[in-house]
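In the working numbering, the protein residues as written are 128 to 496.
For each residue, glycine too, the CB sits at the ideal point set by N, CA and C.
Everything below concerns the one structure shown next.
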């Protein structure tokens, strides 16, 4: 996560403290490429929003510096940064029409009126809101207001667009629709977007890269697929998506693989970090990678359990299965022809491949140690 002088946005060892002693952002170094969609993902209080606000200019770093296109913005006020901003609460002016709201950034920059009219019409047409130009925000739905807020952020053609939980107030269906609209605009216009959310699904669906924040630092940054498939820390494993965490002791290590003993069972999995024999470890295993099996030879790992709970979700069954040592494995079984039928209290055999499980250092898993 070192800074890169060739990157478009650079955080150079940025720190932020509100009380002069405790840091809410700790020596943040992050490089963002031009045209990239990067999401800052993390729980409340992790430092993601504070980092975005420092980039926007609404907060000033305690230490370090922030550059965009090689220009030091650290002490520059927000209105001089040429950055578009979209907030969760839309921040539209209620007394202005939609047309006037979108025109506001251009009028503030004292552009000629004919140019303002042309740009506003183009921005509203792009988000399919031209017919609503003379309405006021209160006359629009939440999704329509968010589109207007997006148009206002883009109308002056900023070099960078920041979005702070912009879809948090929308219902699930509209939220998913707006995710794709924003992603399409990003691709169509070649925008550089820095997006903040606590919603893991949103981050995975929209981003080129995801930076996972925890306690003021970035635990891992990388493509969405790598964050989900290959978590590097126990926190990332537990926070991004649903996961099983099985506690055990490393009994052997051989190259990229290790064996973790859980009760009386040996689990073969990928070794992450510098694990060695005798270390406590947590086996991270996604529910969708677990299968019900007849033959233990099909998978590298097969474990006896019994079904504690079976819940029907339409497209899949969710099974909560208890291992012989008392630990629980949750699995998702697709609802398709030929699946094994399971009922509560039934003994089952669970199977998964070695590469579907990751052994992580014990420290850092919520609820452990």
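Whole-angstrom distance between residue j and residue i, CA atom to CA atom
i, j, result
"residue 227", "residue 239", "15 angstroms"
"residue 461", "residue 478", "15 angstroms"
"residue 444", "residue 420", "15 angstroms"
"residue 372", "residue 429", "16 angstroms"
"residue 493", "residue 362", "Here residue 493 scores only 48 on pLDDT, less than 50, and its place in the model should not be relied on; the value that follows carries that caveat. Distance between the alpha carbons of residue 493 and residue 362 is about 7 angstroms."
"residue 403", "residue 395", "14 angstroms"
"residue 230", "residue 366", "40 angstroms"
"residue 181", "residue 474", "55 angstroms"
"residue 319", "residue 284", "11 angstroms"
"residue 424", "residue 169", "40 angstroms"
"residue 128", "residue 300", "For residue 128, the predicted model reports a pLDDT of 49, less than 50, meaning its position is unreliable; a value from the coordinates is still stated below. Rounded to the nearest angstrom, the two C-alpha atoms are 35 angstroms apart."
"residue 151", "residue 433", "44 angstroms"
"residue 411", "residue 205", "43 angstroms"
"residue 405", "residue 378", "6 angstroms"
"residue 267", "residue 390", "59 angstroms"
"residue 489", "residue 409", "5 angstroms"
"residue 482", "residue 332", "24 angstroms"
"residue 148", "residue 189", "11 angstroms"
"residue 422", "residue 480", "13 angstroms"
"residue 272", "residue 385", "52 angstroms"
"residue 310", "residue 256", "18 angstroms"
"residue 336", "residue 250", "27 angstroms"
"residue 294", "residue 463", "33 angstroms"
"residue 501", "residue 414", "With the chain covering only 128 through 496, there is no way to say anything about residue 501."
Environment of residue i [buried if 16+ CB atoms lie within 10 Å]
i, result
"residue 232", "buried"
"residue 440", "exposed"
"residue 453", "exposed"
"residue 375", "buried"
"residue 222", "exposed"
"residue 202", "exposed"
"residue 164", "buried"
"residue 145", "exposed"
"residue 334", "buried"
"residue 341", "buried"
"residue 292", "buried"
"residue 329", "buried"
"residue 382", "exposed"
"residue 234", "exposed"
Beta-carbon spacing of residue i, residue j below 9 angstroms
i, j, result
"residue 135", "residue 157", "no"
"residue 338", "residue 237", "no"
"residue 417", "residue 358", "no"
"residue 451", "residue 387", "no"
"residue 248", "residue 258", "no"
"residue 143", "residue 171", "no"
"residue 183", "residue 161", "no"
"residue 459", "residue 448", "no"
"residue 297", "residue 270", "yes"
Paired residues, beta bridge with residue i - DSSP
i, result
"residue 142", "190"
"residue 428", "479"
"residue 436", "447"
"residue 179", "Residue 179 is not bridged to any residue."
"residue 159", "136"
"residue 484", "412"
"residue 246", "Residue 246 is not bridged to any residue."
"residue 165", "321 and 336"
"residue 152", "143"
"residue 456", "448"
Residue i beta carbon near the ligand SAM (any heavy atom closer than 8 angstroms)
i, result
"residue 272", "Among the components of this structure there are no ligands whatsoever, and the ligand SAM is therefore not found."
Which runs of the beta strand (DSSP E) at least 3 residues long sit entirely within the region 189-214? Give them in chain order. 190-195 and 210-214
Let me know the beta strand (DSSP E) ranges lying completely inside the region 250-311, each 3 residues or longer, listed in chain order. Whole beta strand (DSSP E) segments, 3+ residues: 287-291.
Which whole runs of the beta strand (DSSP E) in the region 339-411 are 3 residues long or more, in chain order? 344-350, 371-381, 384-389 and 392-398
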